[in-house]
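Each remark here refers to the structure printed beneath this line.
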Amino acid sequence: FSNRMALKRSSSMKTQLVNAIQLQEVEMEEEINTSSIASSHLKRFLTSVAQTEPKCYTVEEAVESISFGRFHILLFVIMGSANIVEAMEIMLLAVVSPEIRCEWHLEDWQVALVSTMVFLGFMVCGVLCGYVADKYGRWKVVFGGFIWAAYFSLLTSFSPSYDWFIFLRCMVGCGVAATSQGFVLKTEFIPSKYRASLLPLASIFWMLGSMLIIILGMTVVPTMGWRWMIRFSIIPSIILIGLFMFIPESARFQVSAGNIQEALSTLNWIARMNGTTLPEGELREPEVTERGNAITLINPAFRRTSLLLWYSWFVASFSYYGSVLSSSELLEKNLLCMTDADAEHQIKHNQEEALCYCIPFNMADYQTLLISCLGEVALIPLNIGMLNIFGRKPSLAILQLLSAFFFMLVNICTTMFGFTVLLFLLRSVVSMNFNVVYIYTAEVYPTSVRSIGMGFCTSFSRVGGMIAPFIAQVLMSKSVILALSPFAITCVICAVGVAFLPIETRGRALLVSIFTFPPTVLKTDFH
């Protein structure tokens with residue numbers, strides 16, 4: 001009997017356990033069903049919210065969507081022509097130096113001071129123009145620069161004395177500083193994948209400006225004098241003032257200033273001109289309240305970049321104008337060591353032998369300068385290839401080392417043809433270096449401080465331009481190797497410094513502000 005009772009109790013306990021397990025399974029199924037229903041409701045709610053919220057896009061996405069078209073060709077031609085004006089104003093110094101040296105009985109340091117005063121105006125006004133461009137727009141600054149530079153350049157041709165000449169050339173430097181903001185305006189309209197190809201091509205226009213002023217020197221100076229050469233040289237500026245009306249204000253600046261509707265109108269006009277449409281949705285980007293703040297350039301995020309860029313710009317200008325002024329000085333004074341020099345070039349000239357020596361360029365000298373100008377565009381395909389394959393930083397380092405190498409090669413004795421080839425290669429690499437540092441600077445700084453960042457950089461570059469004449473035109477008379485060595489040394493130091501730049505900008509979208517990054521920025525921005 002006791003065994004039967006034990007079996008019954010055991011059977012009852014098993015039944016209760018099975019019933020409990022079954023009840024728990026039922027409760028779990030109910031919880032799962034309830035959870036799936038809630039999840040389904042949540043998905044439907046999020047979907048409905050996403051459908052009701054309008055789509056939006058940024059200026060960066062709009063520029064990439066519009067892509068390359070007729071507008072960019074117009075932009076490239078007109079803004080590239082601004083380089084013609086700038087090149088003519090700068091190269092004019094090399095062509096006119098022998099003429100004013102003779103007319104006003106100038107010493108070497110006085111001739112060098114002319115170039116220095118131009119770069120002084122460029123340096124002082126560079127920062128000011130960058131600040132104004134970030135605050136009030138790129139277009140106004142560039143347009144005003146064209147008018148300013150043309151006006152004071154015309155006044156230069158009426159200079160009654162040396163003092164008036166250097167003052168008016170300083171004012172021309174201020175105008176050229178304003179027109180250089182056109183590079184920022186152009187960069188902000190170009191899609192990222194085209195920047196490495198299009199921006200170096202601006203060297204073509206710089207070459208055309210350099211060649212045009214040399215041709216004017218060949219044809220006008222011997223017959224009508226240097227004053228008429230300057231008057232003819234402002235014609236491109238006058239033409240450009242009219243053409244610039246076809247270029248709109250930067251849409252990136254308009255958005256950063258809170259003018260969304262104006263930016264939308266600009267982008268719609270460009271899209272229609274290119275035969276494309278804007279992305280679907282609404283143009284939306286936060287307004288940037290802190291614009292043109294120079295403190296941003298030296299905050300922890302950009303301090304090292306800014307310091308290294310300032311030196312890189314100094315070296316780019318120092319080496320470029322050093323190559324230009326050195327070549328004209330070597331030719332003017334016949335200081336070259338040539339194995340096949342003719343009777344005229346065998347005569348060496350020294351400032352100490354005569355206070356004034358009137359040695360105008362002959363036709364062969366002008367031809368050498370013309371050929372060297374071609375070097376600025378001959379290697380553009382190589383420049384584009386380096387930018388796309390190696391990136392911005394390695395390209396800068398390579399070009400700086402090549403610049404140092406060719407500066408030292410100019411010291412060797414060679415034929416006139418050999419000197420022309422060396423000068424051609426030297427102008428090629430220093431010009432390519434200037435292209436790369438321009439592109440890198442425009443890409444690395446955000447829209448909120450891009451113009452003032454460029455302004456500070458160009459101002460430091462003009463410090464190099466101010467020093468270069470005293471090395472290339474004053475020290476050159478004492479020793480050719482002593483005059484060329486500083487250019488080579490600074491290039492080597494800069495090549496080492498470039499390795500410490502923290503940001504590589506190849507393939508990277510342009511930043512909006514230091515705190516606002518567009519969605520297309522790559523993960524390799526900072527490393």
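Quick note on the UniProt record's numbering: the sequence shown kicks off at 1 and runs consecutively. By construction, the Cβ of each residue, glycine as well, lies at the ideal position given by its N, Cα and C atoms.
Apart from the five residues on each side of it in sequence, which residues of its chain come closer than 7 Å, Cβ to Cβ, to residue i?
i, result
"T505", "R392, Y440, E443, V444"
"A472", "G322, L325, S326, E329, A483"
"V463", "M123, F314"
"I166", "L113, V114, M117"
"V437", "S312, W313, A316, L396"
"V220", "W228, M229, F232"
"W148", "C174, G175, A178"
For residue i and residue j, what's the separation of their Cα atoms in angstroms?
i, j, result
"M88", "M476", "24 Å"
"L185", "K478", "44 Å"
"V96", "L283", "52 Å"
"L355", "E107", "Caution is warranted here: a pLDDT of 45 is assigned to L355, below 50, making its placement in the model unreliable, and the coordinate value is therefore given only provisionally. So the two alpha carbons sit approximately 7 Å from each other."
"I489", "F407", "10 Å"
"L198", "S67", "13 Å"
"L409", "L308", "27 Å"
"S403", "I73", "32 Å"
"G275", "F76", "18 Å"
"T305", "S180", "21 Å"
"M454", "F434", "13 Å"
"G242", "G182", "15 Å"
"F318", "F246", "34 Å"
"C56", "E262", "17 Å"
"P446", "W226", "43 Å"
"S431", "L374", "11 Å"
"V377", "I204", "6 Å"
"A82", "V142", "9 Å"
"A364", "I371", "11 Å"
"G144", "C413", "47 Å"
"G217", "M224", "10 Å"
"F253", "R101", "45 Å"
"L510", "K193", "11 Å"
"T58", "W104", "58 Å"
"Y136", "S428", "36 Å"
"I260", "E61", "15 Å"
"F361", "A468", "21 Å"
"R303", "P236", "39 Å"
"C457", "G130", "10 Å"
My output table needs one value for residue i: the three-state DSSP class, helix, strand or coil.
i, result
"residue 536", "As shown, the chain starts at 1 and ends at 527. That puts residue 536 outside it, with no answer to give."
"C125", "helix"
"C56", "strand"
"T414", "strand"
"L511", "coil"
"E376", "helix"
"I371", "helix"
"S2", "A caution first: S2 carries a pLDDT of 49, below 50, which makes its placement in the model too unreliable to give a value."
"I84", "helix"
"W269", "helix"
"P200", "helix"
"A38", "Here the model assigns A38 a pLDDT of 49, short of 50, so the residue's position is not dependable, and the following value carries that caveat. Note: A38 maps to helix in three-state DSSP."
"T277", "coil"
"W104", "coil"
"E262", "helix"
"F205", "helix"
"V220", "coil"
"D340", "Any answer about D340 is weak, because its pLDDT of 44 lies below 50 and its placement is not dependable; what the coordinates show is given next. Correct three-state label for D340: coil."
"S323", "helix"
Whose C-beta lies closer than 6 Å to the C-beta of residue i among residues of the same chain, with five residues either side of it excluded?
i, result
"M386", "S395"
"M91", "S210, I213"
"P200", "I380, N383, I384, N435"
"S459", "M123, G126, V127"
"F152", "L168, M171, V172"
"W139", "E249"
"T277", "A271"
"L426", "S323, F406"
Give me, in chain order, the residues of the same chain whose beta-carbon lies closer than 8 Å to that of residue i; leave out the 5 immediate sequence neighbours on both sides.
i, result
"F470", "W109, A112, T116"
"residue 528", "For the chain, the structure presents residues 1 to 527; residue 528 sits outside this window and is missing."
"C170", "M117, V118, L120, G121"
"T156", "F165, L168, R169, V172, I230"
"C491", "V315, S319, Q400, L401, S403, A404, F407"
With DSSP as the reference, please indicate the residues paired to residue i in a beta bridge.
i, result
"L92", "Beta-bridge pairing links L92 to no other residue."
"L283", "Y57"
"I295", "Note: I295 sits in no beta bridge, so no partner."
Checklist entry - At what residue ranges does the region 130-188 contain a whole run of the alpha helix (DSSP H), taking only runs of 4 or more? => result 138-156, 162-179, 182-187
Checklist entry - Where are the alpha helix (DSSP H) runs, 4 residues long or more, that stay fully inside the region 408-488, in chain order? => result 416-444, 450-469
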